[in-house]
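For the record, the sequence lines run as chains A and B. Be aware that the first sequence starts at 896, since it is given in our numbering, and climbs by one per residue. Be aware that the second sequence starts at 896, since it is given in our numbering, and climbs by one per residue.
There are 2 protein chains.
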Amino acid sequence: MTTDHLPETTPRRGRPRDAARDRALMDATLTELQLHGYGGLTTAAVARRAGVSTATLYRRWRSKEHLVIGAAGVWAEDLGPDRDTGGLRSDLRTLLHDKATALDGPSGRLLRAILGEAAHNRALADVLTQEYVAPLQDRVATLLTRAVARGEIPPVEDPVVVGELVIGPMITHTFLIPHTPDSRPGAEVAERLLPYLLRALGARTE
Amino acid sequence: MTTDHLPETTPRRGRPRDAARDRALMDATLTELQLHGYGGLTTAAVARRAGVSTATLYRRWRSKEHLVIGAAGVWAEDLGPDRDTGGLRSDLRTLLHDKATALDGPSGRLLRAILGEAAHNRALADVLTQEYVAPLQDRVATLLTRAVARGEIPPVEDPVVVGELVIGPMITHTFLIPHTPDSRPGAEVAERLLPYLLRALGARTE
Chain A
896 MTTDHLPETT
906 PRRGRPRDAA
916 RDRALMDATL
926 TELQLHGYGG
936 LTTAAVARRA
946 GVSTATLYRR
956 WRSKEHLVIG
966 AAGVWAEDLG
976 PDRDTGGLRS
986 DLRTLLHDKA
996 TALDGPSGRL
1006 LRAILGEAAH
1016 NRALADVLTQ
1026 EYVAPLQDRV
1036 ATLLTRAVAR
1046 GEIPPVEDPV
1056 VVGELVIGPM
1066 ITHTFLIPHT
1076 PDSRPGAEVA
1086 ERLLPYLLRA
1096 LGARTE
Chain B
896 MTTDHLPETT
906 PRRGRPRDAA
916 RDRALMDATL
926 TELQLHGYGG
936 LTTAAVARRA
946 GVSTATLYRR
956 WRSKEHLVIG
966 AAGVWAEDLG
976 PDRDTGGLRS
986 DLRTLLHDKA
996 TALDGPSGRL
1006 LRAILGEAAH
1016 NRALADVLTQ
1026 EYVAPLQDRV
1036 ATLLTRAVAR
1046 GEIPPVEDPV
1056 VVGELVIGPM
1066 ITHTFLIPHT
1076 PDSRPGAEVA
1086 ERLLPYLLRA
1096 LGARTE
């Protein structure tokens, strides 16, 4: 292992051995957040779970906050690329199931664990916007533009609200209602949302 | 002050002096949750902020968890009674603005502060369902039944999803996007949601 110092604020992409260590630290962070919430998370517990020393952790992430923000980077990988499936219904279904998969997995657990903290932590709030909200809004806008161009729906006056209609009900269904560890609430509600969203957009549903 | 012991798990409604003390404890709990999240909240800080001794706090609430669950009881007062305003559009607008007012106030801050904790605290999760989700779902169902009876919309196949479409977008708009301390994101998005919800329900929007 090299002993050179990493920049304090800009994580770099490391060699394969570093990438594996990063992944272990991220997984450990998610697990600790899920178990104890942001307030209960300690860098010592994360390092122990990841099998690295606290010194190693601090060489990579200089604070608890940077560690959690780094973990939030997993979001960017969640929402696979936009795919043109040829029609609004299948485009929307694909997006709903992509988001459901994310919400039912580590990314959803992370989101839930840091929502409270983000209320009074501007750095976390900004990560939420950049890594979570903006990619979703972009993908919704792209999908709607295609549907309008195909003549499937009239022009959409408020695509931001449509984005909230896509993600909001899945979040409340996942976060506000108790579920069993094996249930997949996001996926369950995605299919039920589809006809309502299509009607809301003015699409013919048959 | 009497020295008799209160039941450990069932808070009773007290005399006026006790009610004022309870209110101060609840307000202090909400403030501490907002400032520090569930993990950072201590009963000592809540007692100090409410101007009571820790012993007094523990006579009323036997643990941090019971204190927070008691604070969650403010939800029951949030969602005023159902009102028949004579039409689906105005019924729905009234409900949206009632929920927006709640989300933009202490109840929304409490919800945000405990969402992460509720993921691994079944008692809190159950309070969420009983005090927050169930009253909303009941009120949505009542409103839809009236609209169907008036012939404004066809029968609703999935009133639970309609409830999530009412509350979900307001929650994501409030929790996921940074706002200024003075902004009222719930109220702002309520009016924008209305035409989409009416179309989703199959109502004529003109």
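For glycine and all other residues, C-beta sits at the position ideal for the given N, C-alpha and C.
Judged by beta-carbon spacing, A/R918 lies beyond the 8 Å limit of A/L990, meaning their Cβ atoms are not closer than that value. Secondary structure of B/V947 (DSSP, three-state): coil. In the three-state scheme derived from DSSP, where H, G and I count as helix and E and B as strand, B/H1074 is classed as coil. Looking at B/L987, B/I1072 and B/A1018, the one whose alpha-carbon comes closest to that of A/A1029 is B/I1072.
Where A/E1012 is concerned, the enclosing alpha helix (DSSP H) starts and stops at P1001 to A1013.
In this structure, A/Y1091 sits away from A/G1011, with a CB-CB distance that is not shorter than 8 Å.
Not a single CB atom of chain B sits nearer than 8 Å to the CB of A/I964. Taking 8 Å as the threshold, the shortest C-beta distance from A/H992 to chain B does not fall below it.
In its chain, beyond the 5 residues on either side, E927 and L928 have a beta carbon closer than 6 Å to the beta carbon of A/L936.
The alpha-carbon of A/L1060 is positioned some 29 Å away from that of A/L930. Along the stretch 1019-1030 of chain B, the positions whose C-beta sits under 8 Å from a C-beta of chain A are A1020, D1021, L1023, T1024, Y1027 and V1028, read in chain order.
Taking A/I964 as the centre and dropping the five residues before and after it, the same chain places the C-beta of A1018, L1019 and V1022 closer than 8 Å to its C-beta, in chain order.
A straight line joining the alpha-carbon of A/F1070 with that of A/R1007 spans about 7 Å. Those residues of the stretch 931-948 of chain A placed with their C-beta closer than 9 Å to a C-beta in chain B are H931, G932, Y933, G934, G935 and L936, ordered along the chain. Pairing A/T1067 with B/I1062 gives a Cβ-Cβ distance under 8 Å. Pairing A/L1038 with A/P1049, the inter-Cα distance amounts to about 13 Å.
The beta carbons of B/Q1025 and B/V1055 sit no closer together than 8 Å. The alpha carbon of A/V1057 has as its nearest neighbour, out of A/L1088, A/A1044 and A/D1077, the alpha carbon of A/L1088. Residue state for A/L987 is assigned as helix, using DSSP reduced to three classes. Shown here, A/L936 sits in coil according to DSSP, grouped into three states, outside any helix or strand.
Taking 8 Å as the threshold, the shortest C-beta distance from A/V1084 to chain B falls below it. Neighbours of B/L998 in chain A, taken as residues whose beta carbon is under 9 Å from its own, are absent, since the nearest beta carbon is some 11 Å off. In this structure, the alpha-carbon of A/A966 lies about 39 Å from that of B/E1052. The shortest CA-to-CA distance from A/D999 to any of A/G1097, A/R955, A/R1079 and A/L1093 is the one to A/R1079.
At least one CB atom of chain B sits nearer than 8 Å to the CB of A/P1073. Interface residue (Cβ-Cβ distance to chain B less than 8 Å): A/V1035 is not classified as such. Identification of chain B residues near A/R954 by a Cβ-Cβ cut-off of 9 Å yields none; the smallest Cβ-Cβ distance measures about 26 Å.
Spatial neighbours of B/A1082 in its own chain (CB-CB distance under 8 Å, excluding positions within 5 residues in sequence) are listed in chain order as H992, A995, T996 and D999. Annotated three-state conformation of A/R1034 is helix, per DSSP. Any Cβ of chain B closer than 8 Å to the Cβ of A/G1046 would place that residue at the interface, and such an atom is absent. Residue environment analysis places B/R978 among the exposed positions, since fewer than 16 neighbouring C-beta atoms fall within 10 angstroms of its C-beta.
The beta carbon of B/A945 lies closer than 6 Å to those of A919, L920 and A923 in the same chain, with the five residues before and after it left out.
When secondary structure is reduced to three states using DSSP, A/T926 falls in the helix class.
Beyond the five residues adjoining it in sequence on each side, A/S948 comes within less than 8 Å, by CB distance, of A942 in the same chain, given in chain order. In the DSSP assignment, A/I964 falls within the alpha helix (DSSP H) that extends over K959 to A967.
In the DSSP assignment, B/Y1027 falls outside any alpha helix (DSSP H) and carries neither an H nor an E.
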